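Read through the structure below, which is laid out as C-alpha cells, and then see the notes.
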Amino acid sequence: MNYVLNDRESSKIIEFIKNFARKNSLWIAAYGTGCGAIEIPPTMTSRYDAERLSIRGAATPRQADVLLITGYLAVKTLKRVIRTYEQMQDPKYVIGFGSCTINGGMYWDSYNTIKQLGLYIPVDVYINGCMPRPEAVIAGFAKLQEMIGKGEANGWKHYKENLEWYRQNQQRLIKNWKMPDFNW
Amino acid sequence: MTFWQILGIALLTILIAFITGLFYMGIRRKVIARVQNRYGPPVYQNFLDVMKLWSKDSNIHHGIMQHLAPLWMISMSIATLLFVPIAYKSHFWTNFTFNGDLILLLYLMVFGSLGFALGVGQTGNPNSAIGVSRGLTQLVGYELPWVIALIAVMIQYKTTSLTDLVAFQQQHHTWIAFQQPFAFLAAFLLIPAMFHYSPYDVIVAPAELASGPISEFGGKYLGLMMSSSSIFMFAKLALFVDIFLGGAQNWLWMIIKTLTLYMWPVLWSAISPRYRTEQSIWSVWKWPLILSVLGLIIASV
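Protein sequences, first through last, are from chains F and C.
Under the working numbering, the first residue of the first sequence is numbered 1, with each subsequent residue one higher.
Under the working numbering, the first residue of the second sequence is numbered 185, with each subsequent residue one higher.
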C-alpha cells in the first residue's frame, strides 16, 4: 500500500483528482472594500449565476479558497487583507480585480493606496478593467480553474517560500505592525 | 449473522445514506436556484465540494475540544442512522434496532449538537458563541413539541420500538399520519426547524453571523461536517418516514418517500425570509405545541 501511494505515477493520479475537485469547487471570500465590489452581486445572482460554474461565496476566510480583492486597497485595509489571507487554509488563491490592483489604476498618484497588489500577497490571476464586467470576472475565474487543473496556481507555496520578502514589503507600508505569526 | 456481516451491512448503510444525503443537498441547491430563476449548480456539486474540502492541506489548532467537535458530530449522526430501520421485515437493513430505540434516538439526536457546541466554545470566535447560544435556544424550542408528539405516538401504540410501528403500519396498510393526525401535523410543521433551513436558519445566518458555529472550521473539518450533516439529514428523514409515513419495504421506497418529504422544508426555505430567534421559538411553541398536546390527549383517552 505504501509502495503504491509513494509511486510517482499514482501520486500524479491522486494530484489530478485533487486538482479536479479544487477547480470545480471555488468558494470565494470577497474582500469588497473597493468600488469593484458592485460587480459581484450580478455575478453571483440570477443574471450571470456564477454558482452554475461551481463558484459560490464563503462566509468566513477559514472556509474560503479564493480571496477576491475587488479594486483599490488603502494602506489601512492592506493589514486586514494580509490577516484574512493568512487565515485561509491551503491551497488558497488570490484574484486581483480591476486596474487598481495591477498598477494603481485611477489612484496611481494617491498617497494612501497601494499600487501593486502582487508585492504584498501572491496574486494568481489579475482581471483588468475599470471596472471589469461580470463576463470578465467569470473569464478570470475560468482562467484560475484552468491554472488549478494544470497545477500552476501555486501562489500560496510561493508566499510560504518567500515569506521574508513579502513581510519586508508589507512592513514598509504598515508602520504599526502588530500582527500574529503566520496563520496564527 | 456473523460479526463481519453486521459490520459490512452497517458500513453499506452509512455509505448509501451519505451518497443519498449529498444528492438530496444537491437537489436542494438546484431547486432553490430554479426558484430564484437561476440555472443552478449540477446536482453532484456537493460531492465535488466534499472532495475539495477533504483535499485541503492545512488546518488550524485551537485546542483538543475543537478537534473533537466534528468527530463528535459525525459519530452521533452515524449512531442515529444505525438505529433507524430502513426496510420492513429485512434481516439486513434494520441494523441495530431494538425494543427501546425510539427513546434512545430522542437522546442521540441531541448529543451531536451538544458535543459540537462544546467544541465550538474553544475556538473563541464571538460569532460562533452567538450561533451556539441561538442554536441551543432553538433546540429547546423544537424539542418540546417533537418529544410530546412522539410520546403521543408511543402511548397510542403502546410501544417504544420503531420496528413495531413500521410493522403495524405495513400489516394494517395504513399510515400513522392518518391514525394520529395531530402528532403528525405537529412533527410535520417542525421539520424546517429541525433541519435549520430558512426561516429557521438564524443559527448559521451567513450574512449576519458569518455562518455561526462553523465559522472557525475549514478544510477537512468542514468536509467531515458536510458528510455528517448529509448522513444525519437522511437519518432524520428515514426516522420520520418510519414513524408517520408507513416505513418502507426496500431502499427504493425509502428513497422515494424521503425525497418527497424532503421537498417540504426545501420549498418552504426557498420562499421564506429568516425568523429572529424569539420568532423561531414562538412559531414552534404555538401551533406545533398545541397540536402535539391535542394528539397526546387523544392518544391517552
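All C-beta atoms in this analysis are idealised placements derived from N, C-alpha and C, irrespective of residue type, glycine included.
These figures come from a predicted structure and were not determined experimentally.
Spatial neighbours of TRP177 (chain F) in its chain, beta-carbon cut-off 7 Å, leaving aside the 5 residues before and after | Excluding sequence neighbours, TRP177 (chain F) sits near GLN171.
Would you list, in chain order, the members of the stretch 43–75 of chain F that have their beta-carbon closer than 7 Å to a beta-carbon of chain C?
-> With the criterion set as a beta carbon lying under 7 Å from some beta carbon of chain C, the members of the stretch 43–75 of chain F are SER46, ASP49, GLU51, ARG52, SER54, ALA59, THR60, ARG62 and GLN63, in sequence order.
Compile a chain-ordered list of the residues in the stretch 220–247 of chain C whose CB is closer than 7 Å to at least one CB of chain F.
-> Residues of the stretch 220–247 of chain C with a C-beta atom less than 7 Å from some C-beta of chain F are GLN220, ASN221, ARG222, TYR223, GLY224, PRO225, GLN229, LEU232, ASP233, MET235, LYS236, SER239, LYS240, ASP241, SER242, ASN243 and ILE244, listed in chain order.
If you measure from the beta carbon of GLU462 (chain C) to each beta carbon in chain F, is any gap under 8 Å?
-> No, its Cβ sits nowhere closer than 8 Å to a Cβ of chain F.
Under a three-way DSSP split, which group does ILE244 (chain C) fall into?
-> Coil, per DSSP.
Write down the C-beta distance between VAL81 (chain F) and TYR31 (chain F) rounded to the nearest angstrom, noting that I regard them as a contact closer than 8 Å.
-> That pair is a contact at about 6 Å.
Does the ligand NAP have a heavy atom nearer than 7 Å to the CB of THR442 (chain C)?
-> Looking at this structure, you won't find the ligand NAP or any other ligand, since it has none at all.
ILE203 (chain C) versus SER414 (chain C): straight-line alpha-carbon distance, rounded | Looking at the two C-alpha atoms, the distance is approximately 8 Å.
What does THR45 (chain F) pair with, by DSSP beta-bridge criteria?
-> Beta-bridge pairing by DSSP links THR45 (chain F) to no other residue.
For a contact meaning CB atoms closer than 8 Å, what does PRO390 (chain C) contact in chain F?
-> Within 8 Å Cβ-Cβ: GLY57 and ALA59.
What span of residues does the alpha helix (DSSP H) with GLY296 (chain C) cover, start to end?
-> From DSSP, the alpha helix (DSSP H) with GLY296 (chain C) extends over 285–305.
Considering only the beta carbon of each residue, do LEU288 (chain C) and ALA201 (chain C) sit closer than 8 Å?
-> Their beta carbons are not under 8 Å apart, which means LEU288 (chain C) does not touch ALA201 (chain C) by this criterion.
Which chain C residues are close to LYS18 (chain F), counting only those with a beta carbon under 7 Å from its beta carbon?
-> One finds SER239 in chain C with Cβ atoms closer than 7 Å to the Cβ of LYS18 (chain F), taken in chain order.
Using a Cβ cut-off of 8 Å, pull out every chain F residue sitting near GLY156 (chain C), in sequence order please.
-> Nothing in the structure corresponds to residue 156 (chain C), since chain C is present only between 185 and 485.
Decide if HIS380 (chain C) is buried, meaning its Cβ has at least 16 other Cβ atoms within 10 Å, or exposed.
-> Classified as buried, HIS380 (chain C) has 16 or more neighbouring CB atoms from the shown chains inside 10 Å of its CB.
Which term fits TRP156 (chain F), buried or exposed, when burial requires 16 or more other beta carbons within 10 angstroms of its beta carbon?
-> Flag for TRP156 (chain F) reads buried.
Where the alpha helix (DSSP H) containing ILE439 (chain C) begins and where it ends | DSSP places ILE439 (chain C) inside the alpha helix (DSSP H), whose first and last residues are 435–454.
Is any beta-carbon of chain C found at less than 8 Å from that of ASN176 (chain F)?
-> No, ASN176 (chain F) does not count as interfacial toward chain C.
Considering only C-alpha positions, which residue in the set F:ALA29, F:ARG56 and F:ALA58 is nearest to LEU67 (chain F)?
-> Considering only alpha carbons, the answer is F:ALA29.
Leaving out the 5 sequence neighbours to the left and right, which residues in its chain are closer than 7 Å to TRP359 (chain C) when beta-carbon positions are compared?
-> Excluding the 5 residues flanking it on each side, TRP359 (chain C) has same chain C-beta neighbours closer than 7 Å at GLN353, PHE428, LEU429 and GLY430, in chain order.
Does DSSP put VAL96 (chain F) in a helix, a strand or coil?
-> What sits at residue 96 (chain F) in the sequence shown is Gly, not Val. Three-state DSSP puts GLY96 (chain F) in a strand.
Using a C-beta cutoff of 8 Å, does GLU327 (chain C) count as contacting chain F?
-> For GLU327 (chain C), the answer is no, since every Cβ of chain F falls outside 8 Å of its Cβ.
Tell me which same chain residues have a C-beta within less than 8 Å of the C-beta of ASN243 (chain C), skipping the five on either side of it?
-> Result list for ASN243 (chain C): GLY402, GLY403, LYS404 and TYR405, in chain order.
Based on the DSSP secondary-structure assignment, which residues constitute the bridge partners of TRP238 (chain C)?
-> TRP238 (chain C) is not bridged to any residue.
Measuring alpha carbon to alpha carbon, tell me which of F:SER11, F:ALA58 and F:ARG52 ends up nearest GLY396 (chain C).
-> Selected option, being the one with the closest Cα: F:ALA58.
Sort F:ASN169, F:ASP124, F:GLY71 and F:GLU86 by Cα distance to ARG133 (chain F) and report the nearest one.
-> When F:ASN169, F:ASP124, F:GLY71 and F:GLU86 are compared, the shortest CA-CA separation from ARG133 (chain F) is found for F:GLY71.
What three-state label does DSSP hand ALA432 (chain C) in the structure shown?
-> In the structure shown, ALA432 (chain C) falls within a coil segment according to DSSP collapsed to helix, strand and coil.
How many Å lie between HIS275 (chain C) and PRO269 (chain C) at the Cα?
-> For HIS275 (chain C) and PRO269 (chain C), the distance between alpha carbons rounds to 10 Å.
N- and C-terminal bounds of the alpha helix (DSSP H) containing THR197 (chain C) = Run containing THR197 (chain C): 187–219, per the alpha helix (DSSP H) assignment.
Collapsed DSSP secondary structure at TRP359 (chain C) in the structure displayed | Three-state DSSP puts TRP359 (chain C) in coil, outside helix and strand.
Beta-carbon neighbours of SER399 (chain C), restricted to chain F and to distances below 9 Å | Near SER399 (chain C) (Cβ distances below 9 Å), the residues of chain F are ALA59, THR60, ARG62 and GLN63.
Is it the case that the Cβ atoms of SER382 (chain C) and ARG460 (chain C) are separated by a distance below 8 Å?
-> Going by C-beta atoms, SER382 (chain C) is not nearer than 8 Å to ARG460 (chain C).
For ALA432 (chain C) and LYS441 (chain C), the rounded distance between their alpha carbons | C-alpha separation (whole angstroms): 8 Å.
Comparing alpha-carbon positions, which option in C:SER484, C:GLY305 and C:SER239 lies nearest ALA336 (chain C)?
-> Measuring from the Cα of ALA336 (chain C), the nearest candidate turns out to be C:SER484.
Helix, strand or coil: how does DSSP classify GLY308 (chain C) here?
-> GLY308 (chain C): coil per DSSP, three-state reduction.
What separation, rounded to the nearest whole angstrom, lies between the Cα atoms of LEU473 (chain C) and ALA367 (chain C)?
-> If I take the Cα positions, the gap works out to 9 Å.
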